[in-house]
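J.: Remember, my numbering sits 215 above the position in the sequence shown when you count from 1.
Glycine included, C-beta positions come from ideal geometry on N, C-alpha and C.
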Amino acid sequence: MSFEVEGFQLQMEPPIYVAKIPGTWLLDHVTPSWRIKDPIQGFQRIVNEKRAIQIAKTVLDQERCFPNAIVLASDVNKLTVNGGNIVLPRKSLFLVVDGQHRLWAQRYSDFDAPYICVLHLGLDEQEMAKLFVEINDNQKRVPSSLRWDLVRLVREQDQAQVRAADIVYELHTSEQSALYQRIDLTGEIKELKIKQGSLAPEIESAVKKAPFKNVGYDVQVSTFISFFTALRDCDPEGWDNGNSNLYSNRIIRALMRTISRILEKEALDPLQATPATFYAYLSHINLDSLNPEEIRGQQGSAGMTAIFETVASQMFT
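#1: Do Ala159 and Ile418 have their CB atoms nearer than 9 Å?
#2: The alpha helix (DSSP H) with Asn456 in it runs from where to where?
#3: Who are the near neighbours of Thr489 in its chain, counting only those whose CB is closer than 7 Å to its CB and skipping five residues on each side?
#4: Using a 10 Å radius around the Cβ and a threshold of 16 neighbouring Cβ atoms, would you call Ala425 buried or exposed?
#5: Touch check for the segment 422 to 437 and the segment 450 to 470: three-plus C-beta pairs under 8 Å?
#6: Should Met227 be labelled buried (16 or more other beta-carbon atoms within 10 Å of its own) or exposed?
#7: For the candidate residues Thr438, Leu310 and Ile409, whose alpha-carbon lies nearest to that of Thr492?
#8: If you drop the 5 nearest sequence neighbours on each side, which residues of the same chain put their C-beta closer than 6 Å to that of Phe326?
#9: Alpha carbon to alpha carbon, what distance is there between Phe309 and Leu242?
#10: Got a sec? Which residues, its chain only, sit under 6 Å from Val291 by beta carbon, not counting five neighbours each side?
#11: Could you give the distance in angstroms between the alpha-carbon of Val245 and the alpha-carbon of Tyr232?
#12: By the three-class DSSP mapping on this structure, what secondary structure does Leu334 have?
#13: Are the Cβ atoms of Gly314 and Ala267 separated by less than 9 Å?
#14: Out of Lys410, Gly222, Leu318 and Gln376, which one is the CA nearest neighbour of Val262?
#15: Can you tell me which of the three DSSP states Asp399 falls into?
#16: Could you please give the first and the last residue of the uninterrupted beta strand (DSSP E) stretch that includes Thr295?
#17: With a Cβ-Cβ cutoff of 9 Å, do Pro460 and Leu414 count as a contact?
#18: Please confirm whether Val312 and Val286 have their CB atoms less than 9 Å apart.
#19: So, helix, strand or coil for Asp448, using DSSP?
#20: Helix, strand or coil for Asp339, going by three-state DSSP, please let me know.
#21: Judging by CA-CA distance, which residue of Glu340, Ser389 and Ser307 is the nearest neighbour of Val366?
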């Protein structure tokens with residue numbers, strides 16, 4: 216059976232509706248990710264359970280409603296408006312674009328809260344990804360890695376960003392890569408230490424400038440694969456076990472900033488670079504100088520500069 220809720224059509228094209236929908240019904244008809252078939256598993260991967268429980272206690276258990284709307288999306292083109300109500304089909308399924316924690320809090324409360332929802336209809340997967348990026352781009356509530364993963368779907372984004380996301384994906388999926396199956400692309404897999412949200416900004420910065428901006432995608436990928444092969448060779452056992460002092464997001468970011476400098480000193484184009492090119496410099500690094508306890512205290516951009524200066528002073532002297 217269909218389900219009628221209070222609501223109205225806000226905009227005709229593209230179709231946008233506003234509705235007041237009970238939380239318990241929503242939980243059965245939404246998913247936080249089109250890539251995960253089980254919605255419950257999807258929520259458990261994306262949301263912070265403690266935060267959701269806290270929201271349930273402080274808001275829902277007090278029988279209060281949220282003042283801001285949940286943003287949902289669907290590929291359905293239109294809904295039936297019946298007077299002051301909107302008819303929701305029984306098999307409705309919406310993607311949660313914004314408000315995952317507020318909605319998941321319903322699971323931990325007996326109060327069936329009414330949620331104000333803004334429904335964006337007629338969207339395909341790419342358009343949903345674009346909407347997600349637009350809404351969450353300047354927020355810190357979603358993992359940056361997840362945002363970068365969606366950038367690959369929104370091809371009209373800044374081309375340097377798209378290229379960076381594509382290269383990270385290649386590093387994760389290529390069997391020739393020292394980071395094969397070792398990058399957390401969405402920020403949801405705690406077991407994977409290396410995060411797309413850390414690597415992608417450095418790669419974006421690199422491909423915007425010479426020498427990378429002057430070569431094609433395949434050469435860019437090949438150069439980064441060569442670099443990471445050399446980096447792994449500096450501590451193979453530690454790298455494979457994930458406990459090397461080199462195997463850290465911040466260390467890797469700092470070291471990636473040396474790639475262009477190495478190519479410049481060797482007077483090489485990226486096409487000419489090999490793992491041996493990079494190993495000749497990376498192998499000079501004293502791994503003990505990258506002790507995690509010392510590095511942990513170096514925070515922010517100033518910390519990254521300090522890490523870079525530490526490794527550069529060893530590599531280029």
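T.: Answer, in terms of the structure:
#1: There is simply no residue 159 to check, as the chain begins at 216 and stops at 532 in what is shown.
#2: Here residue 456 corresponds to residue number 241 of the sequence shown, with the count starting at 1. Element bounds for Asn456: Pro451 to Asn456.
#3: As a working note, residue 489 is residue 274 in the sequence shown. So the list reads Ser441, once near-sequence residues are dropped.
#4: Locating residue 425 in the sequence shown gives position 210, counting from the first residue. Exposed, because fewer than 16 other Cβ atoms sit within 10 Å of the Cβ of Ala425.
#5: These segments do not touch.
#6: Numbered from its first residue, the sequence shown carries residue 227 at position 12. Exposed, by the Cβ-count rule.
#7: For the purposes of this step, residue 492 is taken as the residue at position 277 of the sequence shown. It is Thr438 whose Cα lies nearest to the Cα of Thr492.
#8: Sequence index remark: in the sequence shown, residue 326 carries index 111 (1-based). Exclusion of the five residues before and after Phe326 leaves Leu275 and Glu278 as the residues of its chain whose Cβ lies within less than 6 Å of its Cβ.
#9: Here residue 242 refers to the residue found at position 27 of the sequence shown. Here residue 309 refers to the residue found at position 94 of the sequence shown. In this structure, the CA atom of Leu242 is about 10 Å from the CA atom of Phe309.
#10: For the purposes of this step, residue 291 is taken as the residue at position 76 of the sequence shown. These residues qualify, in order along the chain: Leu336.
#11: Along the sequence shown, read from residue 1 onward, the residue named residue 245 stands at position 30. Along the sequence shown, read from residue 1 onward, the residue named residue 232 stands at position 17. The alpha-carbon atoms of Val245 and Tyr232 are separated by roughly 16 Å.
#12: Within the sequence shown, residue 334 is the residue found at index 119, counting from 1. The answer is strand: DSSP assigns Leu334 an E or B state.
#13: Here the question's residue 314 lines up with position 99 in the sequence shown. Here the question's residue 267 lines up with position 52 in the sequence shown. Judged by beta-carbon spacing, Ala267 lies beyond the 9 Å limit of Gly314, meaning their Cβ atoms are not closer than that value.
#14: To locate residue 262, count along the sequence shown from 1; it is residue 47. Nearest option by C-alpha distance: Leu318.
#15: The residue you call residue 399 lines up with position 184 of the sequence shown. Collapsing the DSSP output to three states places Asp399 in a strand.
#16: Counted from its first residue, the sequence shown places residue 295 at position 80. Thr295 to Asn297 is the extent of the beta strand (DSSP E) around Thr295.
#17: Counting from one through the sequence shown, the residue named residue 460 turns up at place 245. Counting from one through the sequence shown, the residue named residue 414 turns up at place 199. Rather than Pro, the amino acid found at residue 460 in this sequence is Asn. No, Cβ-Cβ distance for Asn460 and Leu414 is not below 9 Å.
#18: If you number the sequence shown from 1, residue 312 lands on position 97. If you number the sequence shown from 1, residue 286 lands on position 71. The Cβ atoms of Val312 and Val286 lie closer than 9 Å to each other.
#19: Indexing the sequence shown from 1 puts residue 448 at position 233. Correct three-state label for Asp448: helix.
#20: Walking along the sequence shown from the start, residue 339 turns up at place 124. Assignment of Asp339 by DSSP, reduced to helix, strand and coil, places it in the coil class.
#21: As a working note, residue 366 is residue 151 in the sequence shown. Of the listed residues, the one whose Cα sits closest to Val366 is Glu340.
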